[in-house]
Each structure stands twice: as structure tokens, then as C-alpha cells.
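For reference, the structure discussed in these notes is given below.
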Amino acid sequence: MAELVFYTNPMSRGRIVRWMLEEVGAPYRTEIMGYEGAMQSPEFLAINPMGKVPTITHGGAVVTEAAAICAYLADAFPDAGLAPAPADRAAYYRWLFFAAGPVEAAIVNKSLGVEVPAEQEKMVGYRNLETAVSTLETALGEGPWLLGEQFTAADVYVGAQITWGLAFGSLPKTPAFEAYAARLHARPAAARAREIDDALLPEEMRGKM
Numbered sequence: 000m001a002e003l004v005f006y007t008n009p010m011s012r013g014r015i016v017r018w019m020l021e022e023v024g025a026p027y028r029t030e031i032m033g034y035e036g037a038m039q040s041p042e043f044l045a046i047n048p049m050g051k052v053p054t055i056t057h058g059g060a061v062v063t064e065a066a067a068i069c070a071y072l073a074d075a076f077p078d079a080g081l082a083p084a085p086a087d088r089a090a091y092y093r094w095l096f097f098a099a100g101p102v103e104a105a106i107v108n109k110s111l112g113v114e115v116p117a118e119q120e121k122m123v124g125y126r127n128l129e130t131a132v133s134t135l136e137t138a139l140g141e142g143p144w145l146l147g148e149q150f151t152a153a154d155v156y157v158g159a160q161i162t163w164g165l166a167f168g169s170l171p172k173t174p175a176f177e178a179y180a181a182r183l184h185a186r187p188a189a190a191r192a193r194e195i196d197d198a199l200l201p202e203e204m205r206g207k208m
């Protein structure tokens with residue numbers, strides 16, 4: 000079996016991939032990377048020239064970007080049942096990449112205080128934060144998951160965006176978001192991932208991620 004190596008930092012988007020790995024259930028080795036040291040080392044830059052985490056290697060494959068890693072792992076370990084059949088992936092791809100593109104861009108810009116003038120909204124992929132948020136809420140439908148009864152890698156990535164947004168105040172605490180976040184929080188794999196990463200945090204940061 001090809002070795003699966005996970006490069007991460009507990010104060011990063013690597014927490015999304017840790018959760019996905021725990022959902023997959025395959026053995027993996029973790030490399031904890033410091034922002035000012037290991038991430039900028041020649042050895043790591045040869046793997047990911049961006050010098051950032053999360054990154055995984057799986058045999059000869061290198062995958063970066065949290066959404067791409069989630070999708071890759073779902074396909075690499077099909078027995079976990081975290082991706083729908085190829086013919087049923089329309090909503091799966093739609094919401095996975097909507098969260099990775101327009102939603103993340105809208106939230107990051109809000110956090111940085113970037114304001115897009117109304118006359119230039121058509122130039123950005125999310126139009127405005129309110130539109131992105133309301134569209135994201137429609138993705139939840141009747142639930143319990145994005146694809147109805149099947150929990151998938153899209154729920155890991157979209158769910159991480161929503162739970163973080165609620166925790167840090169970048170998304171509104173709507174009933175739909177809060178109910179979805181509560182279902183996600185209760186998943187055993189999510190609890191295991193939190194426990195692993197929280198134990199790696201500096202003591203003063205524990206309970207804040």
C-alpha cells in the first residue's frame with residue numbers, strides 16, 4: 000500500500016484534511032510543519048512550492064489545496080463511501096468548489112476589510128458576501144447533508160467553512176447553518192480530528208480553534 004503522508008499545522012486549514020483523513024480511516028503519517036521553519040525548507044518547497052499546508056503525498060502523488068485533497072481522498076479510498084457515483088456528482092462538485100471559490104474569497108475579503116464597489120461586483124466570483132452566503136444556505140436543502148442522506152467529502156469541506164464561519168463571526172448564525180454545524184460536530188471522525196489537533200496546539204490556543 001502506498002504511504003500516505005499528511006503535512007499540516009494545527010493552526011491551519013490542515014484541520015479540514017485531518018477530519019477528512021479520520022473519515023477515510025486509512026493509515027497515514029503526520030508531519031507537523033512550522034510556519035517559519037519547515038514550511039520554507041528546501042525539502043518541503045520541493046513538494047509544495049507555495050510553502051503552505053495542508054499538503055499530502057500518496058505514493059508518487061502530491062495533492063495541495065484542502066478541497067482538492069478532500070476530493071482526492073474520497074476517490075483514492077472508495078470503500079469509505081465519501082463520494083457519490085460519477086453519474087451523481089453534479090451537486091457534489093458544485094458545492095465543494097463553490098465553497099472553495101466564491102465563499103472563501105468572500106469571507107477572506109471581509110476579514111481583510113476589502114470592499115468591492117457595487118459597480119464592480121460582476122468582476123469578482125462571489126458578487127457580494129450576502130449573495131454568497133444566501134446561496135450557500137440553499138445548498139443545505141432539506142438535509143441532513145448536502146446530497147441528502149449521503150455524507151460526502153463535500154460536507155467535510157463545506158462544513159468546515161460553515162463551522163469556522165460561525166465560530167469566528169464571518170457567517171451569520173442562521174438556524175440552517177447552526178443545525179448543520181451541530182450534525183457535523185457530532186460525527187465521531189470530526190471529534191477524533193479535533194482531539195488530535197487540539198492536543199498539538201499551544202496551551203493558550205486550546206479550545207479556540
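Per numbering that gives the first Met the number 0, the very first residue in the sequence shown carries number 0; after that it's consecutive. Here a beta-carbon is modelled for each residue, glycine too, at the ideal position from N, C-alpha and C. Note that the structure is a prediction, hence the values are computed from the model and not measured.
Contacting residues, own chain, Cβ-Cβ under 7 Å from residue i (five flanking each side not counted)
i: residue 96; result: 66
i: residue 173; result: 136
i: residue 100; result: 124
i: residue 109; result: 128, 169
DSSP state of residue i mapped onto helix, strand, coil
i: residue 46; result: coil
i: residue 186; result: coil
i: residue 148; result: coil
i: residue 115; result: coil
i: residue 30; result: strand
i: residue 97; result: helix
i: residue 3; result: strand
i: residue 88; result: coil
i: residue 77; result: helix
i: residue 40; result: coil
i: residue 172; result: coil
Residue i versus residue j - alpha carbon distance
i: residue 177; j: residue 18; result: 19 Å
i: residue 42; j: residue 163; result: 31 Å
i: residue 126; j: residue 154; result: 23 Å
i: residue 142; j: residue 196; result: 28 Å
i: residue 86; j: residue 35; result: 44 Å
i: residue 79; j: residue 30; result: 23 Å
i: residue 189; j: residue 32; result: 21 Å
Range covered by the beta strand (DSSP E) that runs through residue i
i: residue 156; result: Segment 152 to 167 is the alpha helix (DSSP H) holding residue 156; no beta strand (DSSP E) there.
i: residue 60; result: 60 to 63
i: residue 56; result: 54 to 57
Bounding residues of the alpha helix (DSSP H) (the contiguous stretch that carries residue i)
i: residue 23; result: 13 to 23
i: residue 130; result: 128 to 138
Buried versus exposed call for residue i [16 or more other C-beta atoms within 10 Å across all chains shown]
i: residue 129; result: exposed
i: residue 53; result: buried
i: residue 92; result: exposed
i: residue 84; result: exposed
Contacts around residue i, its chain only, beta-carbon distance under 8 Å, and the 5 residues preceding and following it disregarded
i: residue 194; result: none
Contact test: residue i Cβ vs the ligand COA heavy atom, cutoff 7 Å
i: residue 121; result: No copy of the ligand COA occurs in the structure displayed, which carries no ligand at all.
Contact set for residue i: own chain, Cβ-Cβ below 6 Å, skip 5 residues either direction
i: residue 144; result: 150, 154
i: residue 23; result: 72, 76, 79
i: residue 38; result: 32, 50
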